[in-house]
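For the sequence shown, the working numbering gives the first residue as 228, with consecutive numbering after it.
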Amino acid sequence: MLTPGRWLRIEVAGLRIANLEGGSRPEMVELGRASAEVELASLLHGPPVLRAVVVDGLSVLLERTADRTRNWRFGAPKPAREGPEDRSGLPTLLDATLRDSALLFRTSSGHVLTTRLQDATIRAEGDQAPLLLRAAGTYNDVPVALAATLEPIAMLRDAARPFGTRLHLASGDTTLAFEGTMTDPLDVDGADGNAVLRAPTPAAILALAGASDVELDASLELAGRLERHGDVWRLSAAKGHLAGEAVTVRLAQFTEGQTGRPDAVAIDLGFGRLDLNRRLAAGKRAGAAEADLPLTVSAAPDPLVAAKLSIEELVYSKLQARDVVFEGSLMPGRIAVESFGLTTSGARVVASGQVDRRGRAAPSPPRCGCWMATSTPCAAPSDCATCRCPAG
């Protein structure tokens, strides 16, 4: 429905957009009701100016069909873009509200990641004024609230410069603050800035990661540099405390796997004192003094893991050790330990090797020089193209 005037009012109700054939539900998009007002004069000289935008009951499903076709791609794939995209026509959004809506993403394994928004608002006094964003909802049934202050829309239209962003996410007492820039804020890409994470308990983080059944007793405070470039999220140069004990995150990197491939995690951590008995005995019998770390070798682990650890003082089971160093990886069908060393009872112990899926120890195969390689171990240096890291 259209209502003419200086501000043209547009209303839509009961909109449906069909899903691809073979999708898990008939509609890709379902919309209860939406309305907006557009300044008529802005349609002539542009960019458009919108106000009183209200969206109720929007549900969007993103998924791949059995033949791996993405339902969110319309038409033929676009050629690779050279240089920054053209955002000069982005409208000025004075105020908008989104209510009772959901974004569902079905992974290749069939698991559905659900983001629900009970209420979200955007406010700005004009295209030269800061954008204020507020949202409250859930991610996989975990309550999450977002507050953000962004640079003006006029700055967002200039794609040649990074866009200033301040974000504050909260789930209960767990908070994540980010202040920096993004080169493509519409896709949350090219993020680069300072991040501070505070988690009095790990419950919210574990629940958001889908591991709510894991028992872990550890508060966490970290401050460092957070980046995102394409499929890669990276936290570096971070320092803080884990359960009150000092921890340094030299690198924590997550790479989203391409179609049919697992995700990859690379970590490089440093600890002062690490008492695993205390951390992993949470939820066990009262007074439990020993941790339990079962050794499981998966034929198809997801994610793949490459890890470097250094620990000044380690307590695990009845072991007390100093100057612990570890470098290893979890790969399909094997756990490989490139190097492991510790000092205990006045002696230095150094070892390396691997355990395959049949539980037999074996010498580690040669690998390339990049410790973050998380694919099948390299047979020769020329195989370094298989590495899952930026330097591969």
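The beta carbon of each residue, even a glycine, is placed where N, CA and C say it ideally should be.
Backbone CA spacing between residue i and residue j [nearest angstrom]
i	j	result
D354	E448	37 Å
A491	M255	29 Å
R425	D495	20 Å
K535	R500	16 Å
T410	V582	43 Å
L320	H272	16 Å
T603	A430	In this prediction, T603 has a pLDDT of 37, which is less than 50 and means its spatial position is unreliable; what the coordinates show is noted afterwards. Those two C-alpha atoms are separated by around 33 Å.
G407	A450	13 Å
G487	P530	12 Å
G467	A356	35 Å
L396	P489	27 Å
R295	R455	25 Å
L620	P389	The first residue shown for the chain is 228 and the last is 619, placing residue 620 beyond what the model contains.
L285	V532	37 Å
L229	L270	15 Å
P477	R452	In the sequence on display, residue 477 carries Arg and not Pro. Distance between the alpha carbons of R477 and R452: 10 Å.
E539	F498	6 Å
N421	A329	29 Å
G337	S398	26 Å
A548	L469	19 Å
P370	A436	13 Å
Q480	Y366	22 Å
R233	D419	41 Å
T570	V577	9 Å
L247	L403	37 Å
Same chain only: Cβ atoms within 6 Å of residue i, ignoring 5 sequence neighbours per side
i	result
G249	T292 and A293
V459	T482
F553	L536 and F567
S315	R384
R361	T348 and A374
A363	Q345, D346 and A372
P528	L557
P311	A386 and A387
P427	D400 and S446
V282	A261 and L325
T392	L377 and M409
L541	L501, A548 and V551
T475	K466 and G497
G484	D490
R461	E454 and Q480
A434	V369
7 Å Cβ shell around residue i - same chain, five flanking residues per side excluded
i	result
L317	P274, I380, L383 and R384
P231	none
A245	P253, E254 and M255
I432	T401 and A426
T334	L340
Residue(s) in a DSSP beta bridge with residue i
i	result
I494	A479 and A534
R466	Correcting the residue identity first, residue 466 is Lys in this sequence and not Arg. Per DSSP, A450 and T475.
M409	F390
M558	R561
A426	L447
V459	H456 and T482
G568	V552 and V577
L435	Partner(s): none; L435 has no beta bridge.
P180	Because the chain in this structure spans residues 228 to 619, residue 180 falls outside the shown range and cannot be described.
W234	E266
R350	D322 and L359
L503	Answer by DSSP bridge pairing: none, since L503 is not bridged.
S328	L344
L541	L501 and A548
D416	D411
V282	A261 and L325
N421	E406 and R452
R333	V339
L277	V265 and L320
T401	S398
L247	In DSSP, L247 forms no bridge with anything.
A240	R260
Cutoff 8 Å; reference residue i; Cβ partners in own chain excluding five residues on either side
i	result
D322	R278, A279, V280, T348, I349, R350 and A351
W299	M255 and L289
I562	L522, V524, G555, S556, Q581 and V582
L242	V256, E257, L258 and A261
S591	Residue placement at S591 cannot be trusted, given a pLDDT of 45 that sits under 50; what the coordinates show is reported in the next sentence. Answer for S591: A563, V564, E565, S579, G580, Q581 and P604, listed in chain order.
G417	P389, T408, M409, T410, D411, R455 and H456
A186	Residue 186 is absent from the structure shown; the chain starts at 228 and stops at 619.
S251	L288, E290 and R333
Proximity test, residue i beta-carbon vs the ligand SAH heavy atom, cut-off 7 Å
i	result
P253	You won't find the ligand SAH in this model; it holds no ligand whatsoever.
Cβ contact check for the segment 254-271 and the segment 236-244: 3 or more pairs under 8 Å: yes
Entirely enclosed alpha helix (DSSP H) segments - the segment 373-399, minimum 4 residues: 380-383
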